[in-house]
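Notes follow once the structure below has been shown.
Number of protein chains: 2
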Amino acid sequence: MGTEFRGAGWAGVRGLIVDMDGVLWLGDRPLPGLAEFFALLRKREIPWILATNNSSKTPESYAAKLSGFGVAADPGRILTSAGVAAEYLARQSPPGTPVYPIGGEGLKKALAEKGFVFSDRDSRWVVVGWDRELTWDKLALASLLIHRGAGFLGTNPDLSYPTPEGPVPGCGAQLAALEAATGVSPVVVGKPEPEMFRQALALLGLPAAATAVVGDRIETDLAGAKRLGLKSILVLSGVTTTRILAESGFAPDAVFPDLPELSLSLESVEAQGFSPASGKPASSRQ
Amino acid sequence: MGTEFRGAGWAGVRGLIVDMDGVLWLGDRPLPGLAEFFALLRKREIPWILATNNSSKTPESYAAKLSGFGVAADPGRILTSAGVAAEYLARQSPPGTPVYPIGGEGLKKALAEKGFVFSDRDSRWVVVGWDRELTWDKLALASLLIHRGAGFLGTNPDLSYPTPEGPVPGCGAQLAALEAATGVSPVVVGKPEPEMFRQALALLGLPAAATAVVGDRIETDLAGAKRLGLKSILVLSGVTTTRILAESGFAPDAVFPDLPELSLSLESVEAQGFSPASGKPASSRQ
Numbered sequence: 158m159g160t161e162f163r164g165a166g167w168a169g170v171r172g173l174i175v176d177m178d179g180v181l182w183l184g185d186r187p188l189p190g191l192a193e194f195f196a197l198l199r200k201r202e203i204p205w206i207l208a209t210n211n212s213s214k215t216p217e218s219y220a221a222k223l224s225g226f227g228v229a230a231d232p233g234r235i236l237t238s239a240g241v242a243a244e245y246l247a248r249q250s251p252p253g254t255p256v257y258p259i260g261g262e263g264l265k266k267a268l269a270e271k272g273f274v275f276s277d278r279d280s281r282w283v284v285v286g287w288d289r290e291l292t293w294d295k296l297a298l299a300s301l302l303i304h305r306g307a308g309f310l311g312t313n314p315d316l317s318y319p320t321p322e323g324p325v326p327g328c329g330a331q332l333a334a335l336e337a338a339t340g341v342s343p344v345v346v347g348k349p350e351p352e353m354f355r356q357a358l359a360l361l362g363l364p365a366a367a368t369a370v371v372g373d374r375i376e377t378d379l380a381g382a383k384r385l386g387l388k389s390i391l392v393l394s395g396v397t398t399t400r401i402l403a404e405s406g407f408a409p410d411a412v413f414p415d416l417p418e419l420s421l422s423l424e425s426v427e428a429q430g431f432s433p434a435s436g437k438p439a440s441s442r443q
Numbered sequence: 158m159g160t161e162f163r164g165a166g167w168a169g170v171r172g173l174i175v176d177m178d179g180v181l182w183l184g185d186r187p188l189p190g191l192a193e194f195f196a197l198l199r200k201r202e203i204p205w206i207l208a209t210n211n212s213s214k215t216p217e218s219y220a221a222k223l224s225g226f227g228v229a230a231d232p233g234r235i236l237t238s239a240g241v242a243a244e245y246l247a248r249q250s251p252p253g254t255p256v257y258p259i260g261g262e263g264l265k266k267a268l269a270e271k272g273f274v275f276s277d278r279d280s281r282w283v284v285v286g287w288d289r290e291l292t293w294d295k296l297a298l299a300s301l302l303i304h305r306g307a308g309f310l311g312t313n314p315d316l317s318y319p320t321p322e323g324p325v326p327g328c329g330a331q332l333a334a335l336e337a338a339t340g341v342s343p344v345v346v347g348k349p350e351p352e353m354f355r356q357a358l359a360l361l362g363l364p365a366a367a368t369a370v371v372g373d374r375i376e377t378d379l380a381g382a383k384r385l386g387l388k389s390i391l392v393l394s395g396v397t398t399t400r401i402l403a404e405s406g407f408a409p410d411a412v413f414p415d416l417p418e419l420s421l422s423l424e425s426v427e428a429q430g431f432s433p434a435s436g437k438p439a440s441s442r443q
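Top to bottom, those sequences are chains A and B.
158 is the number of the first residue of the first sequence in my numbering; add one for each residue after it.
158 is the number of the first residue of the second sequence in my numbering; add one for each residue after it.
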């Protein structure tokens, strides 16, 4: 694999923000070492938040998926870009505010849980997540609302979504269409934008410098982490290959081929005195 | 109105490329001086081409519309961005080539007339026009085809389309979504890109310097004209006001409040000896 643990990747780390698809599983297939990774975190009392840019599913459905893989997870520890968008909106506008959502059940449920009501008219916000039932009529209504002054919020900037047949348009492509039509840029809450990381840090109760982001995507997980001063830990079990990493010019704080290697490293750091309180630096390993 | 005929706007002009909506009519309402304008062109034997970025209607339907306003027009003199796209494609790929169209009847008819066949699989080209029946499935299929190497052609770059309620997404917004999803930029044939002007010049049999574009939009009609060395004649009967013109910093070769004033100017130039053969410069007028 040719990967290595680069420098003091775990230095000062007391909690983790972990991406899911490409790190914990690929589609419906759990990746090796999944249950052992969570067992290690539990044993060492390392707090974690799971964070995904996917806006189409609920935290409860991710908890159920993890449960199927033998991992007990509180949905309150699982952030989706839909939930982060709803939380962001709840700090801007009171319950009962009319909003116009473009997206699936995950987005609608997250907004409804915060007390927002859905309206085609006089909506104060247009909230856009990935929507495989997108139509021209939805885009036109969103454009008119934004033109009339509604806020424009996007769950995540991902331009495309990989499928076995190739890439299909992601939420970011929908946002591009609306930005083109209206001349208005959306506020986006998903990675690599700061909002999702900020909400995760608030839930962890940790400062950025004491927290590491574990992810498989340089441009979202790791770039966002670095920008906010979090540690960036890359696993090569998802979309990023060593070649992509080399060509990116991005230097993560640590790189692991997969979850078992990451857990081994975390255990070895533990053995040297890593704890939530001490946060001692890790030694480097080959 | 405060407009004026600026400098030698008609100098050397022997033929016209005329935009339709905002110049000849607004929606279904003919603008004053429409029939008289065409009568003057006929009397003076000034050849013309009508050219629109709208891809949703056929040349025949525009000819029928003009007929309803008392103007006889050969559909062969009417260019739509759909027809220009089909003609462009016909020079790239032989009849029978499978293409995947996103757009209305105007686009499908233009492509079918050139012998292209429609296919969801193995299409060599994705051809995108304005489509009020756009769906996520259409965008996804187009993305996959472009990913597999299909050419990516757009009829026109207009980002939005004005309606009484405000702007709704135009073809350019659809292109933005696909460009975001695929990372591939489309070839666009509509104004201000050169292809539509080139096809119009070929039909007129005139060089760029002997041809004027009459339009109501600075960023499409006039910017495209200037870039190709055609004269740019602005009428203020459409989307452009004197204020928009002033703020644009664009200097058309001539500006008229409407079609009657343009016709008057053309007649006065005629009176001074304008003809297809001589192309004498016009005097300026207030």
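Each residue gets a CB set at the ideal place from its N, CA and C atoms; glycine is no exception.
Since we're looking at a predicted model, the values are computed, not measured.
Could I get the ranges of all uninterrupted alpha helix (DSSP H) runs contained in the segment 185-224 of chain A, with 4 residues as the minimum, in chain order? Fully enclosed alpha helix (DSSP H) runs of 4 or longer: 191-200.
Compare the C-beta of Val285(A) against all C-beta atoms of chain B and say whether one is closer than 8 Å. Val285(A) does not count as touching chain B.
Is Gly327(B) helix, strand or coil when you go by DSSP? Looking at Gly327(B) - three-state DSSP - the assignment turns out to be coil, as it is neither helix nor strand.
Please list, in chain order, the chain A residues whose beta carbon lies closer than 7 Å to that of Asp509(B). No answer is possible for residue 509(B): it lies beyond the span of chain B, which begins at 158 and ends at 443.
My guess is that Leu385(A) and Ala369(A) are in contact by the Cβ rule of under 8 Å, so how many angstroms apart are they, rounded? Actually they do not touch by this definition, with Cβ atoms about 12 Å apart.
Near Pro326(B), which residues of its chain fall below 7 Å by C-beta distance, leaving aside the five closest residues on each side in sequence? In the same chain as Pro326(B), and ignoring 5 residues on each side of it, the C-beta atoms closer than 7 Å to its own belong to Ser317, in chain order.
Taking the alpha carbon of Pro189(A) as the reference point, which residue from Ser394(A), Ala243(A) and Thr339(A) has its own alpha carbon closest? Considering only alpha carbons, the answer is Ser394(A).
As a quick exercise: from Thr237(B), Leu296(B), Pro204(B) and Lys200(B), pick the residue whose alpha carbon is nearest that of Ser213(B). The shortest C-alpha separation from Ser213(B) is found at Thr237(B).
So with Cβ pairs under 8 Å, would you call Ser317(B) a contact of chain A? At least one C-beta of chain A is nearer than 8 Å to the C-beta of Ser317(B).
Measure the C-alpha to C-alpha separation of Ala333(A) and Ser276(A) and round it to an integer number of angstroms. Our two residues, Ala333(A) and Ser276(A), have alpha carbons roughly 23 Å apart in a direct line.
If Val283(A) and Leu268(A) are in contact, beta carbons under 8 Å, what's the gap, nearest whole angstrom? Not confirmed; about 12 Å, so no contact.
Where Lys348(A) and Leu423(A) are concerned, what is the direct C-alpha to C-alpha distance, given to the nearest angstrom? If you draw a straight line from the Cα of Lys348(A) to the Cα of Leu423(A), it comes to about 24 Å.
Sub-8 Å separation of Gly306(B) and Pro343(B) beta-carbons: No Cβ-Cβ contact shorter than 8 Å links Gly306(B) with Pro343(B).
Integer Cβ distance of Ala338(A) from Ser300(A), believed to fall under 8 Å: Contact flag correct, Cβ pair sits at about 5 Å.
Determine the extent of the beta strand (DSSP E) in which Ile174(B) is found, giving its start and end residues. Note, Ile174(B): beta strand (DSSP E), Gly172 to Val175.
Terminal residues of the alpha helix (DSSP H) in which Leu301(A) lies: From DSSP, the alpha helix (DSSP H) with Leu301(A) extends over Trp293 to His304.
8 Å is my cut-off, CB to CB: does Glu290(B) come that close to chain C? No chain C is present in this structure, whose protein chains are A and B.
According to DSSP, is Gly436(A) part of a helix, a strand, or is it coil? Note that Gly436(A) scores a pLDDT of 38, beneath 50, so its modelled location is shaky; the value from the coordinates is reported in the next line. Here DSSP, grouped into helix, strand and coil, assigns Gly436(A) to coil.
In angstroms, rounded to a whole number, what distance separates the CA positions of Ile174(B) and Lys295(B)? Cα to Cα, Ile174(B) sits roughly 34 Å from Lys295(B).
So, is Ala403(B) buried or exposed, given that buried needs 16 or more other C-beta atoms within 10 angstroms? The residue in question, Ala403(B), is exposed, as its Cβ has fewer than 16 Cβ neighbours within 10 Å.
If I measure Cβ to Cβ from Ser440(A) and keep anything under 6 Å in the same chain, skipping five residues before and after, which residues do I get? Confidence in Ser440(A) is poor, its pLDDT being 40 and thus under 50, which makes the residue's placement too unreliable to answer from.
Spatial neighbours of Pro351(B) within its chain, please: C-beta separation below 8 Å, excluding the five flanking residues on both sides. Hits under 8 Å: Gly381, Arg384 and Leu385.
Counting Cβ pairs closer than 8 Å, one from the segment 177-192 of chain A and one from the segment 215-231 of chain A, do we hit at least three? Contact between the segment 177-192 of chain A and the segment 215-231 of chain A is present, because at least three Cβ pairs lie under 8 Å.
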